[in-house]
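Heads up: the first sequence at position 305 corresponds to 307 in our numbering, and the numbers run straight through without jumps. Note that the Cβ used here is the ideal one computed from N, Cα and C, for glycine as well. Here the structure is a predicted model, which is why all the values come from computation and not from measurement.
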Amino acid sequence: MNQAEVILSQLNEVQREAASLVKGPMMVIAGAGSGKTRVLTHRIAYMLAKGVSPFNILALTFTNKAAKEMKERITQLVDESSAKAVNMGTFHSVFYRILRVEGEKLGFTRNLTVYDTDDAKGVIKSIVKDMNLDPKLYLANFILSRISAAKSNLFSAEDYAKSPEILEADNISGRPLISEIFLRYSARLKNSDAMDFDDLLYYMNVLLRDFPEMLYKYQTRFQYILVDEYQDTNFAQYVIVKKLASAHHNICVVGDDAQSIYAFRGANIQNILNFKKDFPEATTIKLEQNYRSTQNIVKAANAIIKFNKKQITKEIWTDNDTGNKISILKLNNDNDEATAVANSILEAKLNYHLENKKFAILYRTNAQSRTLEEALMKQSIPYVIYGGLSFYKRKEIKDVLAYFRLVINHYDEESLLRIINYPQRGIGATTIDKLKVVAADNNVRIWNILETLDAFPNLDVGTATKARLKDFALRIKSFSTMIPKTDAYELGKVIIHQSGIMQDLLSDVSEKERVENVESLLDAMKEFTEIEPENEFDELTGELITNYFPTLDRFVSNVALLTDDEHKEKEAQDRVKLMTIHAAKGLEFDYVYVTGMEENLFPSSLSLNSRSELEEERRLFYVAITRAKKMLTLTHAHTRYKFGSLQFCEPSRFIEEIPTEFLNITERASSEKGAFKRKAQEGELFFSTAKKPLEKVSFVKKLTPKEANQNIIGTPISPDDVMENMRVFHTSFGLGTVSKTEGNGLDKKAFVRFDTVGDKTLLLKYAKLLAPKE
DNA sequence: ATGGAGACCTTTTTT
DNA sequence: AGGTCTCCAT
């Protein structure tokens, strides 16, 4: 067999067709666990084996992780150098590379900075302040989402300002000035030689739209295009892909409409549903055999997704074992839920000698991770939390990166303002305000003023301050001159020390962790300078760069679009993984726990307004359960703290949507903790094999709290009637005495001293109190 | 200019 | 509950 044949021989028949039909448009509908990545990697490897130049292949993904994984897997199939030369990456990173080269046509430079969401929010906030608007009405988040939605649909600020419908909508929402903010925002970013995430897609479109030679260039270059997770593309991405593919029609999109979970940020499921309209000659291939999960899991997933109306019909099936039924655990409150999950993991580990990394705990919102974390810690189960505060979003890292960015791009005003007085060098808010005013009056950038202070006599600051400003500019400039001849790591060290950041962090003993983080950033830079340049092509000529040198600007541009999963990957070796369901997409685990299966949490209360939003939640649930290979456990609690107040929770409707034949329901009151632990120690199994049905499990069906407390419960007390010193009964906390009340109506709170559990603050609109019969 | 107390907001999800 | 932002006191 030749290489190409070997590559195809590793696939099943349908996969083989998807991998080998490389000419013409193709849509692959890949059910969960059906070998989607396998098809993509083998398809690319097959093309390479057949002599297609890697330079002519463009493979777009949504996450860096997916791109990295694909690259690694292709490397195992064909020779490394051609695998590495494939243009593969996220939409954002690939277009960023192109825009750095071509951006001059659009008024940007090669030093182009990428603003992340925090930077963007900062700009919005400062504009809102400049315009003297109410920041509570003009919320940065809200404004940014309007701007983002506009750009994702290829509306510029000018288009926005000219659209009567949009202006009307903003008027109705009481925020008529969003269009003005948008105009200023765009100007500010351009002035800073910066683009936000949406700009990377927007400006790529402008490039292809307004410069025919650019369209021609990249159409010629990208003769074979592959798009992963096509169901998650937004309009801007869709148009780019369509334009690039329109010359050669060699486009392969892979996706699963059932796993579209990013509509909230503009992903348009129609892109995949309409592919056939865009490319009528397209071949459609459905991968329906699931290699990942048990029969029970696959069947349950099929049953659930049928509740959605809009979808491409397909029936996922598997040859795998029937497996365990899906466990439903009902718990009293969120703490019990976390404890039960931790105990369950512990038992399974002990009984079956499983590694920690076989387990994943999934949840709808990041906020849910805290209680789970505590429970795992108590049981000494090693874990790692994905998501949450990214490494690159930590204050100290952002500070250091702001220096780097300013050194590379003096016009980056977000960075400049962030560090002009950090560490403190006596350039206070007053001085900064004056700088801003003079910059605006003279229509120049702040950096222009710093650079040539004497040219701006109307800058009314003292001589001492002037000296400090001069000194600051000089220092930044001196770092800049070092870029070409000092590698990223060496220059990074110089900046961190000479800027005074390290000194500042070291001066405070409580900042030890921050010092470690900065050092860890330096480690990453060291690593960066040591790796062989991969895929460093000159974008203009397509030639491999031979005189590669790992400069600071290269490092920063690499890091700009990075999330920190690599950072975590190293520590994640054998740990239980905690993450949101969104973050779990594309991953698989033997044992999966989906927690917080409650109405208003999952599905989220924010998604209950429309059918389409609810369907997205359902697809999210579909993603969640199809992560599991062997065993799936769903948990929900009767009460949970949200926003610091206790809330009652109904089980998620999604649980009811699973046919009961696939379910195994266990209910347990919190008072049973002792019994639970004892049984666990005695080795009674919570987990069971397929032969040993879960019915044998030791949990006795307990009375619900309501039933158990029947003889105490009296009549409900209306919130308005709750008063000090009143004896009350609460279904979770038992009997207690109201020590104080506060507020009125829906906000009325009661401070209650419970006989057994102590003081609690209850928001009466949620916490139902009853008059006890004592 | 710094830091602490209190008000206020948050919960989708991510490149 | 926890984090962020604001404002006031030092």
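- For the options VAL116, ASN143 and LEU62, the alpha carbon positioned closest to that of THR92 is the one of LEU62.
- Here MET49 is buried: its Cβ has 16 or more other Cβ atoms, across all protein chains shown, within 10 Å.
- Annotation: the continuous alpha helix (DSSP H) that includes TYR240 extends over 237-247.
- Taking 8 Å as the cut-off, the Cβ atoms of ASP198 and ASN113 do not count as close.
- Assignment of beta strand (DSSP E) within the stretch 80-105, counting only whole runs of 3 or more residues, yields 89-92 in chain order.
- By alpha-carbon distance to PHE224, the top candidate from GLU19, VAL54 and THR465 is VAL54.
- THR582 and THR367 do touch by the CB rule: their CB atoms are close to 7 Å apart, below 8 Å.
- Around the beta carbon of VAL511, fewer than 16 other beta carbons sit within 10 angstroms, so the residue counts as exposed.
- Where LEU50 is concerned, the enclosing alpha helix (DSSP H) starts and stops at 38-51.
- For GLU19, the closest alpha carbon among the candidates LYS279, ASN345 and THR285 is that of THR285.
- The stretch 622-636 makes no contact with the stretch 274-288, as fewer than three CB pairs between them are under 8 Å.
- Here LYS153 is buried: its Cβ has 16 or more other Cβ atoms, across all protein chains shown, within 10 Å.
- Unbroken beta strand (DSSP E) runs of no fewer than 3 residues, entirely contained in the stretch 604-650, are found at 630-644 and 647-650, following chain order.
- By the Cβ criterion, the stretch 464-473 is not in contact with the stretch 360-375, since fewer than three pairs of Cβ atoms, one from each stretch, lie closer than 8 Å.
- With a beta-carbon spacing of about 23 Å, GLN221 and GLY257 fall beyond the 8 Å limit used to define contacts.
- For PHE591, the three-state secondary structure derived from DSSP is strand.
- For ARG613, the number of other beta carbons within 10 angstroms of its own is below 16, and it is reported as exposed.
- DSSP places ILE287 inside the beta strand (DSSP E), whose first and last residues are 285-289.
- Contact annotation, LEU554 with ILE478: C-beta distance approximately 13 Å; criterion of less than 8 Å not satisfied.
- With a contact defined as Cβ atoms closer than 8 Å, LEU169 and SER181 qualify at about 6 Å.
- Taking C-beta atoms as the reference points, ILE299 and LEU634 count as a pair closer than 8 Å.
- Per DSSP, reduced to three states, the secondary structure at ASP321 is coil, with no helix or strand assignment.
- A direct Cα-to-Cα measurement between ALA639 and TYR226 gives close to 50 Å.
- In this structure, GLU416 sits away from VAL116, with a CB-CB distance that is not shorter than 8 Å.
- When the beta-carbon positions are compared, LEU217 and LEU228 stay at least 8 Å from each other.
- SER609 sits close to GLU615, with the two beta carbons spaced by under 8 Å.
- Around the CB of ASP338, 16 or more other CB atoms lie within 10 Å, so the residue is classed as buried.
- At least 8 Å separates the beta-carbon of ILE263 from that of ASN292.
- Around the C-beta of VAL402, 16 or more other C-beta atoms lie within 10 Å, and the residue is accordingly described as buried.
- Counting of Cβ neighbours within 10 angstroms places ARG755 among the exposed residues, the total staying below 16.
- By the Cβ-count criterion, SER295 is buried, with 16 or more other Cβ atoms from all chains shown falling within 10 Å of its own Cβ.
- Relative to the Cα of ASN270, the nearest Cα in the group ASN345, PHE530, ILE31 and PHE237 belongs to PHE237.
- In the three-state reduction of the DSSP assignment, ALA585 falls in the helix class.
- Counting of Cβ neighbours within 10 angstroms places THR341 among the buried residues, the total reaching 16 or more.
- Taken through DSSP and simplified to helix, strand or coil, ASN445 comes out as coil.
- Counting only residues of its own chain and dropping the five nearest sequence neighbours on each side, THR531 has a CB closer than 6 Å to the CB of ASP489, ALA490, TYR491 and PRO552.
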